[in-house]
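Numbering of the sequence shown is given in the numbering used here, commencing with residue 7 and proceeding in unit increments.
Just so it is clear, CB atoms sit at the ideal spot from N, CA and C, and this is done for glycine as well.
All remarks here apply to the structure that follows.
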Amino acid sequence: LPQLGALIEELKKVAAAHSVSAAQIAAACAVNKGILPILGVTKPYQVEEAVKTAEIVLSTEEIASLEAAADVSGVSSIQFWESKME
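Listed below in structure tokens is the structure:
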């Protein structure tokens, strides 16, 4: 999936800055935008990572860079099943 390269690289860059995984950054980006992500977890460590994800605060610049990379990759950052958290 070479078209996802820009998005994956940006996720890795932001993840390194926060010392977390790229998957945690993807979920944190949704949470930081007020979206409740649907996470699939089957192992205890995944539950622990999901909890830690809620504590990640991304800057406006980081969110903008992730959204720009998603646009370049042709990926919608909000899916039809996601709804705003209230």
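For residue i, the three-state DSSP class (helix, strand or coil)
i: Ile-44; result: coil
i: Ser-71; result: helix
i: Ser-6; result: This structure gives no information on residue 6, because the portion of the chain shown stretches from 7 to 92.
i: Lys-18; result: helix
i: Ala-60; result: coil
i: Val-26; result: coil
Straight-line gap, residue i to residue j (C-alpha atoms, nearest Å)
i: Val-26; j: Ile-69; result: 16 Å
i: Glu-16; j: Tyr-51; result: 24 Å
i: Leu-42; j: Ala-56; result: 12 Å
i: Thr-48; j: Gln-30; result: 15 Å
i: His-24; j: Ala-34; result: 11 Å
i: Gly-40; j: Thr-66; result: 13 Å
Nearest to residue i (by Cα), restricted to the options the options
i: Leu-64; options: Gln-52, Leu-45, Ala-28 and Val-81; result: Ala-28
i: Ala-60; options: Ala-36, Ser-71, Ala-21 and Thr-48; result: Ala-36
i: Ala-75; options: Glu-55, Ala-56 and Ala-32; result: Ala-32
Close-in-space but distant-in-sequence residues of the same chain around residue i (CB under 8 Å, 5 per side omitted)
i: Leu-10; result: Ser-79 and Val-81
i: Asn-38; result: Ile-62, Val-63, Leu-64 and Ile-69
Contact set for residue i: own chain, Cβ-Cβ below 6 Å, skip 5 residues either direction
i: Lys-18; result: Ala-28
i: Val-53; result: Val-47
Cutoff 7 Å; reference residue i; Cβ partners in own chain excluding five residues on either side
i: Leu-45; result: Ala-33 and Ala-56
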